[in-house]
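Asker:
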Amino acid sequence: MIGVLALQGDYSKHLEILEKLKISSCEIRYPHQLNEINGLIIPGGESTTMTDLIERNDLHNNIITFSNKNPILGTCAGLIMMSRSVNDTRVKSLNILDIEVDRNAYGRQVNSFRDELSVSISGKVENISATFIRAPKINRMGRDIEIISSYNNEPVAIKQGIHVGLAFHPELDGITLFHEYTFVKQFNEKSHAA
Ligand code: GLN
110 MIGVLALQGD YSKHLEILEK LKISSCEIRY PHQLNEINGL IIPGGESTTM TDLIERNDLH
170 NNIITFSNKN PILGTCAGLI MMSRSVNDTR VKSLNILDIE VDRNAYGRQV NSFRDELSVS
230 ISGKVENISA TFIRAPKINR MGRDIEIISS YNNEPVAIKQ GIHVGLAFHP ELDGITLFHE
290 YTFVKQFNEK SHAA
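Residues 110 to 303 in this note's numbering are what the sequence shown spells out, letter by letter.
1) Confirm, please, whether the CB-CB distance from GLY148 to ASN171 is below 7 Å.
2) With a threshold of 6 Å (Cβ to nearest heavy atom), would SER202 be considered close to the ligand GLN?
3) Is the separation between the beta-carbon of ARG243 and that of GLU209 shorter than 7 Å?
4) For ASP207, write down the residues that DSSP places opposite it in a beta bridge.
5) Measuring from the CB of GLU235, is there a heavy atom of the ligand GLN at a distance below 6 Å?
6) Does the ligand GLN have even one heavy atom less than 6 Å from the beta-carbon of ARG243?
7) From ALA239 to THR174, what distance separates their C-alpha atoms?
8) On the criterion of 16 or more Cβ atoms from any shown chain inside 10 Å, does SER300 qualify as buried, or is it exposed?
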């Protein structure tokens with residue numbers, strides 16, 4: 110069972126992707142619900158608002174604890190929330206990925222764009238068309254970060270341990286590969302390797 114943090118943002122689009130993959134899913138709003146899931150998605154939205162709602166619902170420390178054992182996939186604002194630090198003091202990030210990010214680094218809503226990306230995941234390279242909406246830039250990364258995809262030589266999809274963070278929105282284009290990788294494939298690969 111995979112939960113989608115449903116406080117704000119485009120969480121319903123993630124539920125559609127999970128449905129497409131036939132993965133059972135539910136909306137997460139309160140800490141006790143984390144006990145019922147095996148993975149979490151932090152969607153795109155507005156990281157300042159998401160910060161307030163995470164605080165209000167007492168989810169900050171609970172999501173951090175959850176991340177010690179369970180995979181988290183963050184897209185756009187979700188990536189910002191998973192970072193170690195953000196160039197905006199209003200955002201209280203969760204420090205799940207060892208990265209520093211700049212919010213809105215690609216400009217305003219009107220500067221949103223779609224472009225081709227090449228993604229290296231599960232030992233394969235796949236090309237996708239990705240949508241960036243007021244996307245963050247990753248400007249610093251720790252040693253444990255693995256780059257899955259870059260755009261103009263800047264990392265836009267990364268992985269650390271079991272967690273995955275994306276600066277763009279696969280859920281808006283019906284792209285299932287990141288959800289499938291984060292919640293299914295990486296664990297199958299591990300059990301095969303063991
Ligand atoms: N700019 C938003 C933020 O900083 C993220 C945008 C998005 O999720 N599409 O929170």
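Glycine included, every Cβ here is placed at the ideal spot set by N, Cα and C.
Answerer: Let me spell this out:
1) Residue 171 sits at position 62 when you count from the first residue of the sequence shown. Residue 148 sits at position 39 when you count from the first residue of the sequence shown. The criterion of a C-beta distance shorter than 7 Å is not satisfied by ASN171 and GLY148.
2) The residue you call residue 202 lines up with position 93 of the sequence shown. With a cut-off of 6 Å, the C-beta of SER202 is classified as distant from the ligand GLN, since no heavy atom of the ligand falls inside that distance.
3) Against the sequence shown, residue 243 aligns to sequence position 134. Against the sequence shown, residue 209 aligns to sequence position 100. Not in contact: ARG243 and GLU209 (Cβ atoms no closer than 7 Å).
4) As a position in the sequence shown, residue 207 is number 98, starting the count at 1. DSSP, once it has assigned bridges, lists no residue as partnering ASP207.
5) Residue 235 sits at position 126 when you count from the first residue of the sequence shown. GLU235: no, Cβ never under 6 Å from the ligand GLN.
6) In the sequence shown, counting from the first residue as 1, residue 243 sits at position 134. At least one heavy atom of the ligand GLN is nearer than 6 Å to the Cβ of ARG243, so yes.
7) The residue given as residue 239 occupies position 130 in the sequence shown. The residue given as residue 174 occupies position 65 in the sequence shown. Roughly 31 Å between the two C-alpha positions.
8) Position 191 of the sequence shown, counting from 1, holds the residue named residue 300. Burial state of SER300 is exposed, judged by a 10 Å Cβ sphere holding fewer than 16 other Cβ atoms.
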